[in-house]
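Enquirer:
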Amino acid sequence: MRPKSLPLSFYSEPTLQLAQSLLGHMLLKETEEGLTGGYIVETEAYLGPNDRAAHSFNHRRTKRTEIMFGEAGYVYTYTMHTHCLLNIVSGGTDEPEAVLIRAVEPYYGQDLIAQRRSKITKKKHWTNGPGKLTKALNITMDDYGHKLDQHPLWIARGKSLDAADIASGPRIGIQNSGEAKAYPWRFWEYLNTFVSK
DNA sequence: AAGGTGATTTGCT
DNA sequence: GCAAATCACCTTC
């Protein structure tokens with residue numbers, strides 16, 4: 054039986070808060086092969102128009118970023134070299150903000166995850182990066198625009214963390230983003246070994 | 001042409 | 001283990 058999805062209203066809180074609320078919840082994807090999922094242990098907030106690191110900086114609205122201008126709770130995927138990265142749209146309509154999921158801790162379907170990550174022997178390397186977890190859960194560009202409160206890609210209630218379990222720091226891989234690169238908008242579950250760095 | 005990355009290799013400590 | 005270098009060959013503009 055499938056874990057029940059969180060309602061779309063879960064995604065309506067401010068992006069920086071949502072990035073922290075998502076930690077500890079369960080990201081799930083079901084395919085014909087089976088159900089896979091894991092606890093979200095690392096996220097990054099991208100605050101749209103005022104954030105040089107965000108794809109939606111300066112209200113840059115293109116075919117790719119279009120989904121971010123809509124309601125919260127939808128999936129924004131994009132391709133980076135050979136990998137697909139998963140973001141969750143946040144903010145209201147015309148507030149193009151999003152949360153990047155950077156790492157999860159495998160829980161459901163670990164056999165299937167191991168199979169999809171067959172060359173990787175160490176379990177902690179299966180999902181400890183934004184491009185790795187999408188491969189492990191089989192999240193692809195086909196999921197672009199998906200509404201997160203329903204099959205086959207959704208988030209269910211996991212463990213609840215309190216503030217002491219959450220660490221924060223500068224985001225990763227945004228070297229050329231001016232002053233934005235110093236903002237402490239990366240959040241992770243403190244001491245969890247599946248965090249990317 | 002460049003990018004919010006990853007896997008592999010190489011050369012250290 | 002860790003750091004740097006290299007390449008992969010997709011999507012987008």
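Residue numbers 54 to 250, in this note's numbering, belong to the letters of the first sequence in order. Here a beta-carbon is modelled for each residue, glycine too, at the ideal position from N, C-alpha and C. Since we're looking at a predicted model, the values are computed, not measured.
#1: Can you list, in chain order, the residues of its chain whose CB lies under 8 Å from that of THR193, leaving out five sequence neighbours each side?
#2: Can we say the stretch 76-89 touches the stretch 227-234, given the rule of at least three CB pairs closer than 8 Å?
#3: Would you kindly check if the distance between the Cβ of LEU214 and the Cβ of GLY77 is under 8 Å?
#4: Going straight from the alpha carbon of GLY72 to that of ARG155, what length do you get?
#5: Tell me ASN229's beta-bridge partners as DSSP assigns them.
#6: Kindly provide the ranges of any beta strand (DSSP E) runs that are 3 or more residues long and lie completely inside the stretch 177-229, ordered along the chain.
#7: Who pairs with LEU153 in a beta bridge, going by DSSP?
#8: How many angstroms separate the CA atom of TRP238 from the CA atom of ARG169?
#9: Tell me whether HIS112 is buried or exposed, calling it buried when 16 or more other Cβ atoms sit within 10 Å of its Cβ.
#10: Got a sec? Which residues, its chain only, sit under 6 Å from TYR197 by beta carbon, not counting five neighbours each side?
#11: Is it buried or exposed for GLY226, if we count other Cβ within 10 angstroms and need 16 for buried?
#12: Please work out which residues of its chain come closer than 7 Å, Cβ to Cβ, to GLY222, disregarding the five sequence neighbours upstream and downstream, and give them in chain order.
#13: For TYR243, which residues of its own chain have a beta-carbon under 6 Å away from its beta-carbon, when the five flanking residues on both sides are left out?
#14: Three-state secondary structure (DSSP) at PRO102?
Expert: Taking the structure as given:
#1: The answer, listed in chain order, is THR130, CYS137 and THR187.
#2: no
#3: yes
#4: The sequence shown places Ala at residue 72, not Gly. If I take the Cα positions, the gap works out to 11 Å.
#5: Answer is none; ASN229 lacks a bridge partner.
#6: 206-209 and 219-222
#7: GLU97 and ASN140
#8: The C-alpha of ARG169 is placed about 30 Å away from the C-alpha of TRP238.
#9: exposed
#10: THR130
#11: exposed
#12: PRO237 and ARG239
#13: ASP218 and ALA220
#14: helix
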